[in-house]
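**Student:**
Residue numbers (our numbering): 4 to 115.
If you want it as structure tokens, here you go:
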């Protein structure tokens with residue numbers, strides 16, 4: 004498998020609105036936000052209640068879970084309200100007009 008996998012065209016990723024893509028059978032939330040519209044990739048599953056972060060909203064540089072309004076810093080994956088929750092973050096880039104995620108960093112989802 005290639006290290007960098009293309010998941011969408013860069014012009015398909017709206018600013019300040021997350022989208023969900025699949026990498027290694029795992030859902031990944033992608034977002035462009037913050038200073039200069041930086042690209043970020045995070046595990047899509049909120050550790051509290053399994054909310055889908057790709058269905059959430061963006062506030063500044065936080066992705067907000069749609070179920071319980073928990074905010075996670077898109078740069079670090081750390082939950083903002085002093086809890087100990089965290090989501091995985093993955094390397095992502097825009098190359099040749101395409102959004103790419105580092106597939107080697109995304110642990111494959113084990114299916115039954």
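Even glycine gets a Cβ: it sits at the ideal position worked out from N, Cα and C.
#1: Identify every run of the beta strand (DSSP E) within the segment 68–104, keeping only runs that are complete inside it and at least 3 residues long; order them along the chain.
#2: Name the one or two DSSP bridge partners that residue 36 has.
#3: Looking at residue 35 and residue 42, is the spacing between their C-beta atoms short of 8 Å?
#4: What are the boundary residues of the beta strand (DSSP E) that includes residue 62?
#5: With 16 as the cutoff for other CB atoms within 10 Å, does residue 21 come out buried or exposed?
#6: Return the CA-CA distance between residue 92 and residue 108, expressed in angstroms with no decimal places.
#7: Between 99, 63, 73, which lies nearest to residue 56 when the distance is taken from Cα to Cα?
#8: If you check the beta carbons only, do residue 45 and residue 8 fall under 8 Å apart?
#9: In the DSSP assignment, what are the bridge partners of residue 26?
#10: From residue 2 to residue 59, what distance separates their C-alpha atoms?
#11: Excluding sequence positions up to five away, which residues of its chain have a Cβ less than 6 Å from the Cβ of residue 67?
**Tutor:** According to the data block:
#1: Counting only runs of 3 or more, we get 74–76, 95–98.
#2: Partner(s): 41.
#3: Closer than 8 Å, so yes.
#4: Bounds of the beta strand (DSSP E) holding residue 62 are 60–62.
#5: Buried: at least 16 other Cβ atoms inside 10 Å.
#6: Roughly 9 Å between the two C-alpha positions.
#7: Cα-wise, what sits closest to residue 56 is 73.
#8: Taking 8 Å as the cut-off, the Cβ atoms of residue 45 and residue 8 do not count as close.
#9: Note: residue 26 is bridge-paired with 29 in the DSSP secondary-structure output.
#10: Residue coverage of the chain in this structure runs from 4 to 115, which leaves residue 2 outside it and unanswerable.
#11: Close CB contacts of residue 67 within its chain, under the 6 Å cut and outside five residues either way in sequence, are with 59, 60, 74 (chain order).
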